[in-house]
DNA sequence: GCCACGTTGAGACTGAGTCTCGACAAACGG
DNA sequence: CCGTTTGTCGAGACTCAGTCTCAACGTGGC
Ligand SMILES: [Zn+2]
Ligand SMILES: [Zn+2]
Ligand SMILES: [Zn+2]
Ligand SMILES: [Zn+2]
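Chains as they are written, first to last, in our numbering: chain P, 457 to 602; chain B, 457 to 602.
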């Protein structure tokens with residue numbers, strides 16, 4: 457019943473109260489393997505009768521985003537989605553079919569960014585890279601059905 | 457009065473009618489050096505009394521996005537913005553101070569992406585890279601005032 | 001107990017974008 | 001030339017995302 461949840465840990469560590477609504481939202485987010493939209497999260501909270509108001513839900517999302525344990529990504533469709541992840545700089549690899557996301561370390565990206573900075577004369581402070589494709593699992597399924 | 461406008465050309469080339477509202481929106485977008493939000497575009501259309509309805513404005517944006525001459529980017533603040541650009545794969549370098557954007561060719565990014573694909577086992581179909589920082593101009597200003 | 005502060009829920013509000021519908025204009029076919 | 005089809009438009013309702021205000025409540029500290 458009380459599985460370890462890094463999201464709750466992060467809240468605790470940052471000195472926030474571990475209230476029931478926050479625990480509920482944290483649990484909900486933790487249960488997603490991939491990305492989720494605000495709408496989905498709202499619906500899930502309603503379905504499970506968590507008794508979390510919309511405002512609190514968004515407040516929790518904002519808080520967790522600041523702590524770096526949740527990130528907002530933008531899908532190719534233009535939709536916004538959120539994804540739980542570790543609070544360190546990295547990028548997201550999103551499966552366009554099943555929504556599963558993988559964290560990606562900086563394999564050569566930092567270098568490319570540095571080169572862009574050199575060529576453009578801009579001082580680059582931050583960047584965001586999102587990658588879309590098919591995870592191994594969905595590739596296999598595609599090959600079978602083809 | 458009739459400056460060349462690549463946006464209008466793109467509409468023409470794709471076989472769309474060059475109606476007054478479309479010309480108006482195209483002219484408006486063309487006049488921006490950097491990114492603009494939906495709200496700004498709306499306000500600009502209203503101020504100049506272009507007589508373009510909201511629906512048409514968004515329809516035009518959608519159309520131009522499909523044609524690749526306008527792209528939607530996501531600022532660090534979480535805001536959506538649009539930017540006029542050439543219909544080829546490239547990335548955007550956005551000045552966080554003045555909003556000026558520069559197009560960036562793929563300096564080493566493709567390679568990094570290929571490496572990520574190899575390591576992760578995902579089949580990567582597309583990616584999006586957005587870079588934020590200060591343009592030369594704004595760097596100079598910062599140095600002076602510092 | 002009192003007070004400060006953090007947190008919450010309800011609900012109004014804004015921004016972004018979509019959708020429907022009726023009008024109109026261009027394109028087309030006879 | 002007329003009728004039809006297709007493209008485009010404006011108005012306005014609608015949805016979704018997110019923010020804000022405000023009053024209520026709980027948990028401290030003192
Ligand atoms: Zn992540
Ligand atoms: Zn998948
Ligand atoms: Zn561009
Ligand atoms: Zn600048």
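Ideal Cβ positions, reconstructed from N, Cα and C, are used throughout, including at glycine.
Near ligand 4: residue i beta-carbon under 8 Å from a heavy atom
i: residue 555 of chain B; result: yes
i: residue 593 of chain B; result: yes
i: residue 497 of chain P; result: no
i: residue 590 of chain B; result: yes
Which residues DSSP lists as bridging residue i, in chain order
i: residue 587 of chain B; result: P:583, B:549
i: residue 527 of chain B; result: B:539
i: residue 559 of chain P; result: P:548
Distance cut-off 8 Å: residue i Cβ against heavy atoms of ligand 3
i: residue 546 of chain B; result: yes
i: residue 527 of chain B; result: yes
i: residue 542 of chain B; result: yes
i: residue 562 of chain B; result: no
i: residue 530 of chain B; result: no
i: residue 559 of chain B; result: yes
i: residue 550 of chain B; result: no
i: residue 539 of chain B; result: yes
Same chain only: Cβ atoms within 7 Å of residue i, ignoring 5 sequence neighbours per side
i: residue 486 of chain P; result: 461, 463, 540
i: residue 588 of chain P; result: 532, 550, 552
i: residue 492 of chain B; result: 537, 538
i: residue 497 of chain B; result: 484, 513
i: residue 500 of chain B; result: 484
i: residue 510 of chain P; result: 498
i: residue 488 of chain P; result: 540
Chain-order list of residues whose beta-carbon lies under 8 Å from that of residue i (same chain, five-residue window excluded)
i: residue 554 of chain B; result: 490, 591, 593, 594
i: residue 482 of chain B; result: 461, 463, 464, 467, 516, 520
i: residue 559 of chain B; result: 541, 542, 546, 547, 548, 549
i: residue 472 of chain B; result: 478, 519
i: residue 475 of chain P; result: none
i: residue 413 of chain P; result: The shown model of chain P, from 457 to 602, leaves out residue 413 of chain P, and the question about it has no answer.
i: residue 470 of chain B; result: 523
Residues of its chain near residue i, where Cβ-Cβ distance is below 6 Å and the 5 sequence neighbours each way are ignored
i: residue 548 of chain B; result: 529, 557, 586
i: residue 531 of chain B; result: 537
i: residue 526 of chain B; result: 520, 538, 540
i: residue 583 of chain P; result: 569
i: residue 477 of chain B; result: 508, 512
i: residue 573 of chain P; result: 580
i: residue 480 of chain B; result: 506, 508
beta-carbon residue i near ligand 5 non-hydrogen atom, thresh 8 Å
i: residue 576 of chain B; result: Although ligand 5 was asked about, the structure shown includes only ligand 1, ligand 2, ligand 3 and ligand 4 as ligands.
### Query
In the region 523 to 536 of chain P, which residues sit with their C-beta less than 8 Å from some C-beta in chain B, listed in chain order?
Flagged, chain order: 528, 530, 532, 534.
### Query
Going along the chain, which residues of the region 568 to 597 of chain B sit with their C-beta nearer than 7 Å to a C-beta in chain P?
Residues of the region 568 to 597 of chain B with a C-beta less than 7 Å from any C-beta of chain P: 568, 569, 571, 572, 575, 576, 577, 578, 579, 580, 581, 582, 583, 584, 585, 586, 587, 588, 589, 590, 591, 592, 595, listed in chain order.
#### Entry: Interface positions of the region 483 to 512 of chain B facing chain P (Cβ-Cβ less than 7 Å), listed along the chain
Legend: CB atoms of the region 483 to 512 of chain B lying less than 7 Å from CB atoms of chain P are not found in any residue.
### Message
Quick check on the DSSP output: what are the complete alpha helix (DSSP H) runs of length 4 or more inside the region 467 to 524 of chain B, in order along the chain?
### Response
Those alpha helix (DSSP H) runs which fall completely within the region 467 to 524 of chain B and span 4+ residues are 476 to 486, 494 to 503, 510 to 523.
### Task
Output, in sequence order along the chain, the residues in the region 554 to 569 of chain B whose CB is closer than 7 Å to any CB in chain P.
So the close ones are 558, 560, 563, 564, 565, 567, 568, 569.
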